[in-house]
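*Asks:* Take any residue in the sequence shown, count from 1 to its spot, add 232: that is its number in my numbering.
Ideal placement from N, C-alpha and C gives every residue a C-beta, glycine not left out.
Owing to the predicted nature of the structure, the values given are computational and were not obtained by experimental measurement.
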Amino acid sequence: MKHSKGFTLIELLVVVAIVVILALASILAINQSSDRRYPAEAEKLLIWLQQIAQRSSLEGAAYGLIAKIEEESQATIELQPVIYYRKRWVEVLSPEPFVLDHNGTITWDMESIEADELIVQSRSVLPQINQRGEIEEVEEEDFLLPEIAFLPDGYVEPEGVMQLSFNAYKNAFNYQWDDTTNNIIMELVEPSR
Numbered sequence: 233m234k235h236s237k238g239f240t241l242i243e244l245l246v247v248v249a250i251v252v253i254l255a256l257a258s259i260l261a262i263n264q265s266s267d268r269r270y271p272a273e274a275e276k277l278l279i280w281l282q283q284i285a286q287r288s289s290l291e292g293a294a295y296g297l298i299a300k301i302e303e304e305s306q307a308t309i310e311l312q313p314v315i316y317y318r319k320r321w322v323e324v325l326s327p328e329p330f331v332l333d334h335n336g337t338i339t340w341d342m343e344s345i346e347a348d349e350l351i352v353q354s355r356s357v358l359p360q361i362n363q364r365g366e367i368e369e370v371e372e373e374d375f376l377l378p379e380i381a382f383l384p385d386g387y388v389e390p391e392g393v394m395q396l397s398f399n400a401y402k403n404a405f406n407y408q409w410d411d412t413t414n415n416i417i418m419e420l421v422e423p424s425r
């Protein structure tokens, strides 16, 4: 019997074929995962919006969303939930603010309403202590007015569409309130050709 000191050509071809197949599979998986990150971010926003709408119904309080804007680009970088409490909008810590990832941008296409139609907070006077230890009343200048409000009776004011888009993704995602199901609906919007 002869003793072979190497691999046969068929063995080498089988190993090369297996390596090529694994490399192609991993490249395809990486491409699919990068395309899936944007719809996953849109799903996260949908779940977060539904959570706020459900809290409004369960707690019997109006919740709103305030868009935190980046000064340089004027793009929305975060959505901060607020609650209407004692005739004013107050930021809440739960649920946590929704931070937009992957260079996401939110645009608001809402019905034009006057600012006084949305639940406006009353102008408050806050007591403050001055340097001499005396109490003086100072008017608060920062008033929170949400872009959208979830009312406890199942309505959203103002009605319209909120759109989430990404710089590196061709499609956008529209969010709107469905009065029949009292839920947020997300639609995938493909660009017009």
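1. Among residues of its own chain, excluding the 5 on either side of L383, which ones have a beta-carbon nearer than 7 Å to its beta-carbon?
2. Excluding the 5 residues flanking I301 on each side, which residues of the same chain have their C-beta closer than 8 Å to its C-beta?
3. Could you check where the beta strand (DSSP E) with T240 kicks off and where it finishes?
4. From the DSSP secondary-structure annotation, give me the bridge partner or partners of E419.
5. In terms of alpha-carbon separation, which member of L376, W280, A381 lies closest to W340?
6. Using CA coordinates, which residue listed in P329, V393, D385, E304 is at the minimum distance from Q408?
7. Apply the 10 Å Cβ neighbour rule to Y316 and answer buried if 16 or more other Cβ atoms are within range, or exposed otherwise.
8. Alpha carbons only, please: which of F405, N406, G386, Y401 is nearest the one belonging to T412?
9. I need the DSSP call for K319, collapsed to helix, strand or coil.
10. Helix, strand or coil for D267 per DSSP?
11. Here's a check: name, in chain order, each residue in its chain whose Cβ is nearer than 6 Å to the Cβ of F239, leaving out the five neighbours to either side.
12. In three-state terms, what does DSSP make of A400?
13. Expressed to the nearest angstrom, what Euclidean distance is found between the alpha-carbon atoms of W321 and V314?
14. Between S424, F398, N415, I417, which lies nearest to R426 when the distance is taken from Cα to Cα?
15. For a test of the three-state rule: what should DSSP assign to A261, helix, strand or coil?
*Replies:* From the atom records:
1. S288, A294, E389
2. A307, T308, I309
3. From DSSP, T240 is part of no beta strand (DSSP E); its letter is neither H nor E.
4. N406
5. A381
6. V393
7. buried
8. G386
9. coil
10. helix
11. none
12. coil
13. 6 Å
14. The question about residue 426 has no answer, for the chain in this structure spans 233 to 425.
15. helix
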